[in-house]
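Below: one structure, written as structure tokens.
Residue numbers (my numbering), protein chains in the order written: chain E, 1 to 199; chain F, 200 to 398.
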């Protein structure tokens with residue numbers, strides 16, 4: 001019997017997507033659920049809802065608390081965390097490269113490495129050199145991958161994933177969706193989403 | 200040795216406070232933590248932050264999802280849930296009565312019953328008859344309690360709790376605070392707050 005599937009929708013700009021990406025693989029393995037990684041862009045979705053910046057920048061008290069909150073959660077799951085100098089960061093390049101990798105074998109490792117660079121090492125993931133470094137460490141050819149990532153097909157795929165997120169009325173990231181159309185929002189719902197996927 | 204203490208700050212208007220109130224007692228018992236119930240009013244705090252309504256009304260997609268989200272969580276913890284016809288509801292009367300009860304023995308049972316009336320039975324908790332019904336079921340004298348709840352001392356206490364919440368930069372409910380000043384926001388952080396309180 002095939003494993004139940006959970007779609008994991010993330011934005012590299014989203015710090016709670018970083019937490020989810022850091023812990024989803026072992027939890028899904030333990031639950032016997034297959035995860036499909038789905039990068040998308042939250043910016044156009046927030047814009048449609050009248051927000052022109054991260055809600056964490058728009059509501060300063062909440063933003064201030066959020067950094068403390070993420071630090072505590074990162075400590076509990078044992079991953080490094082350092083608030084980046086630039087927030088939010090453009091995820092377009094990283095998302096396109098991730099889509100290339102997700103058709104190959106290295107997409108998930110690449111995605112985790114991007115989140116780590118951004119949220120543990122204070123690197124700016126919109127910079128091609130940062131992405132190139134990550135690819136090199138993963139022994140993925142840089143130039144060919146950059147060329148693939150700029151192909152019309154990949155650009156269209158990222159646009160389509162973002163459009164699908166918008167059609168399905170996403171309003172934040174991470175978002176988890178099950179095959180029966182259920183939607184779960186936030187790193188805090190990962191366990192519940194996995195339980196639902198197994199029903 | 201005295202038990203470690205966790206302060207549980209809730210607003211009867213807040214649906215995630217309802218979920219936290221429904222599950223905090225057994226979790227705190229199991230953790231060996233003493234919980235102090237602290238009603239406060241979120242309205243003045245939201246107003247200071249430029250919000251004139253519940254964030255769930257201000258951001259419709261999130262509000263729509265929230266109802267589904269609460270339903271799933273209520274199902275998992277085994278409590279009834281029905282989205283109320285009136286949202287948010289004024290918590291002033293219920294909070295004052297709760298403060299009277301929290302100085303006596305019936306404050307927590309009363310608070311849970313108020314949340315249940317509001318979020319499982321579609322009753323309007325700003326109506327004195329609804330509060331009177333709850334008191335009667337708890338065998339608490341209604342008239343004397345209403346008189347106590349309108350005393351200046353209790354009114355001042357609710358104002359002071361709300362002012363304290365504002366000074367401590369709360370931005371939502373429920374909020375949990377530990378004796379060393381750590382702040383946790385949201386029903387999802389209850390377990391983490393209990394772990395922290397025990398450190």
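Even for Gly, the Cβ is constructed at its ideal location relative to N, Cα and C. Quantities reported herein were computed from a predicted structural model and do not represent experimental measurements.
- Message: At a CB distance below 9 Å, what residues from the stretch 271–290 of chain F approach chain E? Give them in sequence order.
- Response: 271, 272, 275
- Please say whether residue 91/E and residue 138/E have beta carbons closer to each other than 8 Å? Remark: C-beta atoms of residue 138/E and residue 91/E do not approach each other more closely than 8 Å.
- Using DSSP with H/G/I as helix, E/B as strand and the rest coil, what is residue 210/F? coil
- Message: So residue 348/F and residue 299/F are supposed to be a Cβ contact under 8 Å. How far apart are they, rounded?
- Response: 5 Å
- Give the DSSP bridge partners of residue 183/E, in chain order. 177/E
- Message: Can you pull the chain F neighbours of residue 9/E, defined as C-beta to C-beta under 9 Å?
- Response: Simply none; closest approach about 14 Å.
- Item | For residue 240/F, three-class secondary structure by DSSP | coil
- Per-residue contacts from residue 61/E into chain F (C-beta, under 7 Å): 248, 368, 370
- Query: For a contact meaning CB atoms closer than 9 Å, what does residue 315/F contact in chain E?
  - Reply: Going along chain E, no residue has its Cβ under 9 Å from residue 315/F, so there is no contact; the nearest lies around 22 Å.
- Task: Alpha carbon to alpha carbon, how far is residue 339/F from residue 234/F? Give it in angstroms, no decimals.
- Result: 22 Å
- Which ranges would you report for the alpha helix (DSSP H) in the stretch 228–307 of chain F if only whole runs of at least 4 residues count? 242–247, 254–257, 259–276, 291–302
- Item | Reduced DSSP secondary structure (H/G/I, E/B, other) of residue 138/E | coil
- Query: So, does the CB of residue 379/F fall closer than 8 Å to a CB anywhere in chain E?
  - Reply: So no, residue 379/F is outside the interface.
- Best match in 65/E, 30/E, 2/E for proximity to residue 195/E [C-alpha to C-alpha]: Distances from the alpha-carbon of residue 195/E to those of 65/E, 30/E, 2/E put 30/E closest.
- Closest Cβ-Cβ distance between residue 192/E and chain F: below 8 Å? Yes - at least one Cβ of chain F is within 8 Å of the one on residue 192/E.
- Message: Taking contact to mean 3 or more Cβ pairs, one atom from each stretch, closer than 8 Å, check whether the stretch 293–308 of chain F and the stretch 363–372 of chain F are in contact.
- Response: no
- Any heavy atom of the ligand ZN closer than 7 Å to the CB of residue 16/E? No copy of the ligand ZN occurs in the structure displayed, which carries no ligand at all.
- Query: Is residue 114/E helix, strand or coil when you go by DSSP?
  - Reply: helix
- Separation of residue 324/F from residue 163/E, as counted between CA atoms: Answer to the nearest angstrom: the Cα atoms are 42 Å apart.
- Would you decide whether residue 210/F is buried or exposed? Buried here means 16 or more other CB atoms lie within 10 Å of its CB. buried
- Message: Closer than 7 Å between beta carbons: that is the criterion. Which residues of the stretch 224–256 of chain F meet it against chain E?
- Response: 248
- Query: DSSP on residue 124/E, reduced to helix/strand/coil?
  - Reply: Residue state, collapsed to three classes: coil.
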